[in-house]
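**Q** Quick one: structure below, then a few questions.
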Amino acid sequence: MISRGLAAIGGAFNGLAFDVGGVVMMLLKILRRCLPPRADGPETWANLYRVGVKSFPIVLVTAAFTGAIMVIQSGLYIKQYGAEGLLGWGAGYSILREVGPIMIGLMFSGRVGANNTAELGTMMVTDQIDALRALAIDPVSYLVIPRFIAMMIMLTLLVVVGDLTALVGGALTGEVLLGVDTRVYFESIVTLITLQDFLSGVYKAVAFGVAIAVISCHFGLTVRGGAVGVGRAVNNSVVASAIAIFVIDYFMTWAMQ
Amino acid sequence: MTLLSALGPGDPMIRVEGITKYYLGATVLDGVTLDIPSGSNLGLMGPGGAGKSLLLKIIAGLVEPDQGRVLVDGHDVGTLDAHKLAQLRFNIGMVFQNYALFDSMNVGENIAFPLRQRGGVPEEEIQARVREQLALVGLPGIAHQYPRELSGGMKKRVSFCRAVIPAPPLLFYDDPTAGLDPVTSSKIFIHLRRMQQDGGTTAITISHDIDGIKPICDRFALLDHGRLVFHGTRDEIEASDDRLVRQFWDGFSDD
Ligand SMILES: Nc1ncnc2c1ncn2[C@@H]1O[C@H](COP(=O)(O)OP(=O)(O)OP(=O)(O)O)[C@@H](O)[C@H]1O
Ligand SMILES: [Mg+2]
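So this is what it looks like as structure tokens:
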């Protein structure tokens with residue numbers, strides 16, 4: 001009984017070590033192929049387009065509601081202390097630095113990362129990856145690099161666009177629910193929010209994009225065991241991405257305060 | 258036809274030395290050793306799960322063995338650097354058991370892929386060769402369709418076209434006629450033999466259609482539970498008194 005429990009714990013640690021090691025290896029493989037940078041042009045464009053189109057609508061909706069929720073949450077105090085002039089700053093500061101990148105990163109991982117793992121995993125179990133290798137094509141250069149570039153660029157763009165959407169969503173909610181004039185709201189953003197607030201969110205977006213790309217590719221390219229294996233890999237990929245997002249966020253927040 | 262270097266006289270094109278592979282504690286290939294002379298076609302037989310597909314992948318350098326080594330054209334596949342390995346692979350065409358067609362490309366793009374990847378072939382010629390290949394396997398005019406729209410037998414034939422279109426000197430077929438009707442099946446086998454006779458290709462053909470490979474292969478091997486039960490020429494297999502060999506070759510079961 002005890003030995004079986006220990007074996008289970010050992011197995012779990014083995015699995016964890018395999019995946020952490022695998023993700024690091026994947027990152028190294030990608031970096032090695034990025035120096036000098038060469039990527040399959042058409043594949044990269046196709047991925048940029050796909051990733052963007054797939055995630056744009058959901059990110060806009062998420063962002064607009066996030067902004068609105070931030071404003072509603074601060075509404076109580078705003079009213080209580082009559083600090084209407086701080087509403088834009090309060091909502092904007094947390095959106096730009098924290099909530100925007102995290103929410104959008106999580107949505108992105110659920111949408112694009114999961115899809116990527118499923119796609120690569122299916123290619124794996126149907127021998128398409130082996131077929132590429134048999135044709136002397138390196139799957140990392142041909143499949144992973146374009147996805148890596150697309151995810152990194154697109155998540156960064158999405159966070160920038162999402163930030164703006166969230167601020168607008170917050171402004172509308174402030175106007176309608178709290179009666180805070182949009183001009184007052186934006187004035188406080190312009191005067192109190194610094195470029196650094198905005199940039200630190202953007203840096204996080206870049207890091208999240210890298211993490212989601214590397215993790216989703218690792219889990220996709222290590223799938224074993226048919227369709228069931230693909231399902232399991234997608235699951236693990238999303239969970240691992242979420243954990244990575246929070247851990248990275250913790251360290252970056254700490255480093256950039 | 259030499260690939261990367263000249264072989265010594267009498268050296269086999271492919272040499273498999275003591276290949277052993279474990280999966281999850283089970284031995285799925287157990288010390289497999291065999292030679293394939295240049296220009297011959299080895300018929301690889303064996304019950305389901307015997308390790309045929311795995312052996313083929315190891316020979317192609319797609320899976321690493323736990324023990325043993327594979328020499329192709331005198332080169333140890335396991336120790337080639339990336340550049341040499343790529344060069345070697347330009348000389349290999351492979352039909353996978355489960356087709357392995359690229360989902361994201363249509364049939365024409367799939368078949369043209371090896372040519373486009375290698376470069377140097379003008380686009381009109383690529384198109385013409387794709388049409389010619391499809392006609393040869395009895396599937397004219399499906400170039401614009403996607404793999405998901407095809408039946409298993411159709412996918413198998415498309416996969417065959419993709420493997421043979423660059424006319425590689427080495428061809429590995431994993432059950433090239435599975436799921437095909439007898440007429441199409443014999444068409445494929447005839448095509449396969451013609452490539453070997455005219456082009457001097459060296460081939461490995463895994464098949465459960467023993468009567469189909471009898472006329473097109475000149476050497477035969479039988480794998481059972483990861484062990485090579487038999488390996489030799491046609492005369493040798495006809496003379497063998499191994500029970501499993503007789504069952505496969507004569508096509509009966511005595512239990
Ligand atoms: N990735 C893997 N993980 C674990 N076991 C595997 C894996 N690949 C193959 N095996 C095992 O290796 C053995 C050989 O499989 P292989 O696919 O080579 O058989 P086969 O001779 O081609 O069978 P068939 O005639 O049905 O195609 C099987 O017992 C299979 O369970
Ligand atoms: Mg097989």
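Residue numbers (this note's numbering), protein chains in the order written: chain A, 1 to 257; chain B, 258 to 512.
Just so it is clear, CB atoms sit at the ideal spot from N, CA and C, and this is done for glycine as well.
Computed from a predicted structure; not experimentally measured.
Please tell me whether, using a cut-off of 8 Å, the distance from the CB of B/V327 to the nearest non-hydrogen atom of ligand 1 is below it.
**A** No, the Cβ of B/V327 stays beyond 8 Å of every heavy atom of ligand 1.
**Q** Is the CB of B/Y356 under 9 Å away from at least one CB in chain A?
**A** It does; some Cβ of chain A falls within 9 Å.
**Q** Taking Cβ positions only, does A/R147 come closer than 9 Å to chain C?
**A** Judged by its chain identifiers, the structure shown contains no chain C, and its protein chains are A and B.
**Q** Alpha carbon to alpha carbon, how far is A/M107 from A/I58?
**A** C-alpha separation (whole angstroms): 8 Å.
**Q** Under a CB-based cut-off of 9 Å, is B/K314 close to chain A?
**A** Answer yes: the Cβ-Cβ gap between B/K314 and chain A drops below 9 Å somewhere.
**Q** Can you name the residues that DSSP bridges to B/R484?
**A** In DSSP, B/R484 forms a bridge with B/D481.
**Q** In its own chain, which residues sit with a C-beta less than 7 Å from the C-beta of A/I72, not counting the 5 before and 5 after it?
**A** Answer for A/I72: T173 and L177, listed in chain order.
**Q** Starting from A/D127, find everything on chain B with Cβ-Cβ shorter than 7 Å and list it in chain order.
**A** Correct list: F353, N355 and A357.
**Q** Is there a C-beta anywhere in chain A that falls below 9 Å from the one on B/I473?
**A** No, B/I473 does not count as interfacial toward chain A.
**Q** Is B/I463 near ligand 2 - that is, is its Cβ less than 8 Å away from at least one heavy atom of it?
**A** Within the cutoff, so yes.
**Q** I'd like the list of long-range same chain contacts for B/G275, defined as Cβ closer than 8 Å, with 5 residues on each side in sequence excluded.
**A** So the qualifying residues of the chain are G288, V289, T290, Q324, G325 and R326.
**Q** If we count the other Cβ atoms within 10 Å of its Cβ and call it buried at 16 or more, is A/V24 buried or exposed?
**A** So A/V24 ends up on the exposed side.
**Q** Give the straight-line distance between the Cα atoms of A/S200 and A/R97, rounded to the nearest whole angstrom.
**A** Those two C-alpha atoms are separated by around 6 Å.
**Q** Please state whether DSSP places A/T156 in a helix, a strand or coil.
**A** Here A/T156 sits in helix by DSSP.
**Q** Residues of chain A with a CB under 8 Å from the CB of B/R405: which are they?
**A** By Cβ distance, chain A contributes nothing, its closest Cβ being about 11 Å from B/R405, past 8 Å.
**Q** Could you pull out every residue in the same chain whose Cβ sits closer than 8 Å to the Cβ of B/E321, ignoring the five residues on either side in sequence?
**A** These residues qualify, in order along the chain: I315 and G335.
**Q** Which class does B/R414 belong to by DSSP, given the choice of helix, strand or coil?
**A** Helix.
**Q** Below 8 Å on the Cβ atoms is my contact criterion, and I expect A/A64 with A/T156 to pass it. Report the Cβ-Cβ distance as a whole number of Å.
**A** Their Cβ separation, rounded to whole angstroms, is 19 Å, which puts A/A64 and A/T156 out of contact at 8 Å.
**Q** Looking at C-alpha atoms only, which residue of B/V329, B/D268, B/G305 and B/E495 is the closest neighbour of B/L428?
**A** Residue B/V329 is the option with its Cα nearest to B/L428.
**Q** Take the Cβ of B/L281 as the centre, count every other Cβ of all protein chains shown within 10 Å, and call the residue buried at 16 or more, exposed below.
**A** Result: exposed.
**Q** In angstroms, rounded to a whole number, what distance separates the CA positions of B/L312 and A/L28?
**A** Those two C-alpha atoms are separated by around 30 Å.
**Q** Please work out which residues of its chain come closer than 6 Å, Cβ to Cβ, to B/R477, disregarding the five sequence neighbours upstream and downstream, and give them in chain order.
**A** Residue identity check: residue 477 of chain B is Phe in the sequence provided, not Arg. Excluding positions up to five away in sequence, the list reads G300 and I494.
**Q** Can you check the region 160-203 of chain A for any alpha helix (DSSP H) of at least 4 residues that lies completely inside it and give the ranges in chain order?
**A** Entirely contained in the region 160-203 of chain A, the alpha helix (DSSP H) runs reaching 4 residues are, in chain order, 182-192.
**Q** Measure the C-alpha to C-alpha separation of B/F446 and B/S295 and round it to an integer number of angstroms.
**A** So the alpha carbons of these two residues sit roughly 19 Å apart.
**Q** Just mark A/W254 as buried or exposed, buried being the case when its beta carbon has 16 or more other beta carbons within 10 Å.
**A** So A/W254 ends up on the exposed side.
**Q** Say the cut is 8 Å; is the CB of B/K412 nearer than that to a heavy atom of ligand 2?
**A** The answer is no for B/K412.
**Q** Terminal residues of the continuous beta strand (DSSP E) containing B/D432?
**A** First-last for B/D432: undefined, no H or E at that position.
**Q** Does the beta carbon of A/P101 fall short of 8 Å from some heavy atom of ligand 1?
**A** Not under cutoff, so the answer is no.
**Q** Taking only heavy atoms of ligand 1 into account, decide whether any of them is closer than 8 Å to the Cβ of A/V223.
**A** A/V223: no, Cβ never under 8 Å from ligand 1.
**Q** Using a threshold of 9 Å, state whether the C-beta atoms of B/L372 and B/I422 are closer than that.
**A** It is a contact, given that the beta carbons lie within the stated cut-off.
**Q** Inspect the CB distances between the region 196-214 of chain A and the region 4-19 of chain A and report whether three or more fall short of 8 Å.
**A** Short answer: they don't touch.
**Q** Does the beta carbon of B/T259 sit closer than 9 Å to a beta carbon anywhere in chain A?
**A** Confidence is the limiting factor: at B/T259 the pLDDT is only 45, short of 50, which leaves the residue's position unreliable, though a coordinate-based value still follows. With 9 Å as the cut-off, B/T259 does not count as an interface residue toward chain A.
**Q** Please tell me whether B/D431 and B/K309 are closer than 9 Å, where the distance is taken between their beta carbons.
**A** Cβ atoms of B/D431 and B/K309: closer than 9 Å.
**Q** If you follow the beta strand (DSSP E) that B/R272 is in, where does it begin and where does it stop?
**A** B/R272 -> beta strand (DSSP E) spans I271 to Y280.
**Q** If you reduce the DSSP assignment to three classes, tell me which class A/N14 lands in.
**A** The answer is helix: DSSP assigns A/N14 an H, G or I state.
**Q** Could one say the Cβ of B/D323 lies closer than 9 Å to chain A's Cβ atoms, at least one of them?
**A** With 9 Å as the cut-off, B/D323 does not count as an interface residue toward chain A.
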